[in-house]
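One structure below.
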Amino acid sequence: MTEERVEHLLAEVQDEFGVIRVLEVADYRFLEFGDAIEQSCVFTADPSWLEYDYTRAMLIGALCHEQPESALFLGLGAGTLTQACLKFLPLEDVEAIELRPDVPRLAIEYLGLDDDPRLYIRVGDALELLPTAEPADLIFVDLYTDVGPGVGHLAWSFLGDCQKHLNPGGWLVINQWATDDGKPLGAALLRGLYHRHYWELPVKEGNVILIVPADLDQALDMQALTARAEALAPKLGYSLQSLINSIRPAT
Numbered sequence: 071m072t073e074e075r076v077e078h079l080l081a082e083v084q085d086e087f088g089v090i091r092v093l094e095v096a097d098y099r100f101l102e103f104g105d106a107i108e109q110s111c112v113f114t115a116d117p118s119w120l121e122y123d124y125t126r127a128m129l130i131g132a133l134c135h136e137q138p139e140s141a142l143f144l145g146l147g148a149g150t151l152t153q154a155c156l157k158f159l160p161l162e163d164v165e166a167i168e169l170r171p172d173v174p175r176l177a178i179e180y181l182g183l184d185d186d187p188r189l190y191i192r193v194g195d196a197l198e199l200l201p202t203a204e205p206a207d208l209i210f211v212d213l214y215t216d217v218g219p220g221v222g223h224l225a226w227s228f229l230g231d232c233q234k235h236l237n238p239g240g241w242l243v244i245n246q247w248a249t250d251d252g253k254p255l256g257a258a259l260l261r262g263l264y265h266r267h268y269w270e271l272p273v274k275e276g277n278v279i280l281i282v283p284a285d286l287d288q289a290l291d292m293q294a295l296t297a298r299a300e301a302l303a304p305k306l307g308y309s310l311q312s313l314i315n316s317i318r319p320a321t
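Under the working numbering, the letters of the sequence shown match residues 71 to 321, in that order.
And the structure:
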């Protein structure tokens, strides 16, 4: 017999966008939006542990940069990816923009988000606040609601502005939904916007992580990426190599 999954409701709040819940199941805590739509999963003993392939794939996007000093997270969620980047990358300045004011509070209170002096969290709409953010070496776009990707994931001008907001040599990492044929949502738009010059990393959760360089002269150095991932593996507690092997050019 398998042990029954026992859920404990730790917090529930209602805001203008709907319900936000924090649940605990054994060693994990979950951030949920709306009707049980899971947004984030946190391993309680180590909030920087990345449980899901899509978050590990986004970390791989970050490792494309040799020495990132600044990062901008558009969408915070429980903050696991933010915590992992703060822990494992040489970052000095990190900004996160989160739409819902209760999310950072719940992340700090229940989901182990550290009050790190390098981290500055602002509440508001990423599409509106992007122009007021500092340019960054790494920008992460992960704007999901309880019904799927936020409008920013298909907004031509916003996605273009994200790339323009990168420092020279920077990387934009987008958590994009996959369509039934395994391509990223809005594939034609993305190809046109980024001149087919980006890489894709499909993951089993049904997402495709897009890894977009700041400019057309910038290439993805797979050898250097693999070396950085191998060096990090003992600290992470898992290998990223099988995911790196799945990286493909723009479809």
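Idealized CB from N, CA, C, for every residue including glycine.
Bear in mind the structure is a predicted one, so any value in this text is a computation, not a measurement.
Nearest-angstrom Cα separation, counted from residue j out to residue i
i: G252; j: T321; result: 10 Å
i: C134; j: W241; result: 7 Å
i: I167; j: V193; result: 6 Å
i: Y190; j: D212; result: 17 Å
i: I130; j: W247; result: 17 Å
i: L200; j: C232; result: 8 Å
i: E162; j: W119; result: 20 Å
i: N50; j: L259; result: An answer regarding residue 50 cannot be provided, because it is not within the stretch 71 to 321 covered by the chain.
i: L302; j: E275; result: 23 Å
i: G222; j: A257; result: 14 Å
i: L146; j: P174; result: 7 Å
i: G230; j: P283; result: 12 Å
i: L101; j: A154; result: 17 Å
i: A196; j: R298; result: 30 Å
i: A132; j: R99; result: 25 Å
i: L255; j: E82; result: 31 Å
i: L310; j: R261; result: 26 Å
i: V273; j: T202; result: 32 Å
i: K332; j: F228; result: Residue numbering for the chain in the displayed model covers 71 to 321; residue 332 lies beyond these limits and cannot be assessed.
i: W226; j: P238; result: 21 Å
i: D105; j: E77; result: 15 Å
i: I279; j: M128; result: 7 Å
i: L142; j: Q288; result: 20 Å
i: C111; j: R75; result: 15 Å
i: I314; j: V243; result: 14 Å
Status (buried if at least 16 other CB within 10 Å, exposed otherwise) for residue i
i: N245; result: buried
i: T152; result: buried
i: H235; result: buried
i: G307; result: exposed
i: M292; result: exposed
i: L79; result: exposed
i: E170; result: According to the sequence displayed, residue 170 carries Arg and not Glu. Buried: at least 16 other Cβ atoms inside 10 Å.
i: W269; result: buried
i: V92; result: buried
i: V95; result: exposed
i: F87; result: exposed
Inter-residue CB distance, residue i and residue j (contact presumed, cutoff 8 Å)
i: L181; j: P117; result: 7 Å
i: E179; j: E204; result: That pair is no contact at about 27 Å.
i: Y214; j: Q109; result: 6 Å
i: H267; j: L286; result: 5 Å
i: G149; j: A177; result: 5 Å
Test item: CB-CB of residue i and residue j under 7 Å
i: L271; j: I209; result: no
i: T125; j: D97; result: no
i: D184; j: I90; result: no
i: A206; j: S140; result: yes
i: D186; j: L156; result: yes
Closer than 6 Å: residue i CB and nearest the ligand FMN heavy atom
i: E102; result: In the structure on display, the ligand FMN does not appear, and there are no ligands present to speak of.
Checklist entry - If you scan the segment 98–162 from start to end, which runs of the beta strand (DSSP E) of 3 or more residues do you find wholly inside it? => result 98–103, 107–113, 140–144
Item to check | Continuous beta strand (DSSP E) assignments of at least 3 residues falling wholly in the segment 267–305 | outcome: 269–273, 277–283
Item to check | Those runs of the alpha helix (DSSP H) which lie wholly inside the segment 194–252 and span at least 4 residues | outcome: 196–199, 226–234
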